[in-house]
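Everything in the sequence shown is counted per the numbering used here, starting at 112 for the first residue and increasing by one.
All C-beta atoms in this analysis are idealised placements derived from N, C-alpha and C, irrespective of residue type, glycine included.
Computed from a predicted model, the values in this text were never measured in an experiment.
Worksheet: one structure, shown below.
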Amino acid sequence: MNHGEKSVKKKYFLFITLSLTLLTSSAIAAENSLYQRLGEKRGIAAVVDSFVNLAASDTKVNFTRDGKFKGMDVPYLKGQLTDFISMVTGGPVKYVGKDMKTAHAGMKIKSTEFDALANDLALTLDKFKVPAKEKKELLTLVASTKNTIVEQAISSGPRPLYDRLGGRGNLEVIVDAFVPLAAKDSRVNFFRNGRFKTMDVQLFKVHLVDFLAMATGGPKAYRGANMKAVHSGMGITGAEFDALAEDFSITFDRFKIPLKLKDEFMAIAASTKADVVEVSP
Ligand code: HEM
Ligand code: HEM
């Protein structure tokens with residue numbers, strides 16, 4: 112590499128560093144991962160242990176679904192939940208289990224039950240004196256699974272993120288700008304060393320819009336395979352996933368999308384990490 116190239120690379124790196132520092136979203140800020148700030152696997156396991164005990168005895172949650180799961184292996188569930196939370200908070204932990212939709216399918220979990228569970232988690236985090244910032248980040252991540260876990264229609268409540276982002280038209284604009292950015296980002300290695308060189312990018316964009324519409328609470332248009340099946344065998348690393356998430360974040364900033372909406376979206380994107388990533392970190 113000659114000196115000219117080096118200085119261009121350096122400038123580019125500086126630009127990335129600067130933009131990262133300017134962005135306040137915790138998902139991409141240059142700070143320790145939420146996983147680390149929660150005390151890594153040991154800290155998370157301690158919270159999960161206490162949280163599951165609380166939720167299991169909370170009639171508003173009805174955790175065992177009227178006794179249907181009375182005989183479940185609670186220590187195993189605690190381990191699974193610890194792995195899942197470790198993974199989605201950015202830890203080098205691989206969650207091996209069902210995706211959240213499959214794991215809870217048929218349980219007919221209501222919105223109010225989900226909220227009661229989230230409240231139990233909030234109480235547990237308070238008990239462990241987890242700072243407000245980390246508490247909010249974790250609760251946002253957990254809230255992002257609500258769409259896939261709750262099976263009963265939410266009669267009232269906030270408008271879906273899909274609507275607040277401006278519906279399908281705006282998702283198309285976002286995806287149109289995001290895909291080329293991610294595709295040329297060497298940190299993402301989107302085409303997996305050329306293996307997907309010939310993929311139909313236009314069709315991919317349509318499917319990504321369908322998926323994001325569904326994930327943000329819009330019309331359930333996505334008919335493709337789940338994220339685990341779609342990305343299986345690609346060997347996607349945690350770092351590649353994070354780089355891709357950063358490209359989403361950059362795209363949202365480019366369109367000056369309000370931070371609150373961006374944070375909600377980033378939490379939803381982060382919730383796919385367990386399914387997409389095959390290699391830690
Ligand atoms: C009211 C809400 C919820 C209820 C009633 C509920 C109930 C359950 C039950 C009964 C199981 C055991 C299923 C089995 O043994 O086959 C389970 C599994 C699981 N749940 Fe939940 N859950 C809720 C919300 C959540 C949330 C918000 C998360 C994540 C943030 C979560 C993560 C998990 C995980 C990781 C598993 C293990 C799946 C596996 O090992 O394949 N659950 N849940
Ligand atoms: C570093 C991370 C990722 C890489 C390298 C990656 C790469 C790819 C590739 C190469 C395909 C095409 C597969 C094929 O044609 O058979 C694909 C499909 C897909 N990806 Fe990803 N992906 C990543 C993360 C994500 C995330 C985070 C999401 C959602 C938020 C996502 C959503 C999709 C969807 C919906 C499809 C299916 C498109 C279709 O059915 O044609 N991907 N991904």
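In this structure, PHE315 is the residue among ILE361, PHE315, ARG148 and LYS244 with its C-alpha nearest to the C-alpha of ALA336.
ASN230 and ARG303 have their C-alpha atoms spaced approximately 41 Å apart. Around the Cβ of SER168, a 10 Å sphere holds fewer than 16 other Cβ atoms; the residue is exposed. With fewer than 16 other Cβ atoms inside 10 Å of its own Cβ, LYS219 counts as exposed. Relative to ligand 2, MET211 has its C-beta separated by 8 Å or more from all heavy atoms. Following the DSSP letters along the chain, one finds GLU283 inside the alpha helix (DSSP H) bounded by residues 278-294.
Proximity to ALA254 across SER222, LEU234, GLY278 and LYS238 peaks at SER222, based on C-alpha coordinates.
Between LYS209 and THR259, the gap from beta carbon to beta carbon reaches 9 Å or more. The closest heavy atom of ligand 1 lies 8 Å or more from the beta carbon of MET377. With fewer than 16 other CB atoms across the displayed protein chains lying within 10 angstroms of its CB, GLY182 is exposed.
HIS215 and PHE174 have their alpha carbons spaced roughly 11 Å apart. Shortest gap from the CB of GLY201 to any heavy atom of ligand 2: 8 Å or more. With a threshold of 8 Å, the Cβ atom of ASP287 does not count as near ligand 2, since no heavy atom of the ligand is closer than that. In the structure shown, THR251 falls within a helical segment according to DSSP collapsed to helix, strand and coil.
Exclusion of the five residues before and after PRO203 leaves SER391 and PRO392 as the residues of its chain whose Cβ lies within less than 6 Å of its Cβ. LYS189 has its alpha-carbon roughly 31 Å from the corresponding atom of LYS373. Within a 10 Å sphere around the beta-carbon of TYR187 sit fewer than 16 other beta-carbons, which makes this residue exposed. Distance from the CA atom of GLU245 to the CA atom of LEU165, rounded to whole angstroms, is 20 Å. Scanning the region 160-242 from its first residue to its last, the whole alpha helix (DSSP H) runs of 4-plus residues come out as 185-199, 211-215 and 222-238. Out of HIS342, LYS371, ILE155 and ALA385, the CA that lies nearest to the CA of LEU276 is found in LYS371.
Relative to ligand 2, the nearest heavy atom lies less than 8 Å away from the CB of LEU319.
A straight line joining the alpha-carbon of SER161 with that of LEU192 spans about 12 Å. VAL317 sits in a helix when the DSSP states are folded into three classes.
In the three-state scheme derived from DSSP, where H, G and I count as helix and E and B as strand, THR256 is classed as coil. Judged by DSSP secondary structure, MET310 falls outside any alpha helix (DSSP H); it is assigned neither H nor E. ARG279 and VAL317 do not touch by the CB rule: their CB atoms are close to 11 Å apart, not below 8 Å.
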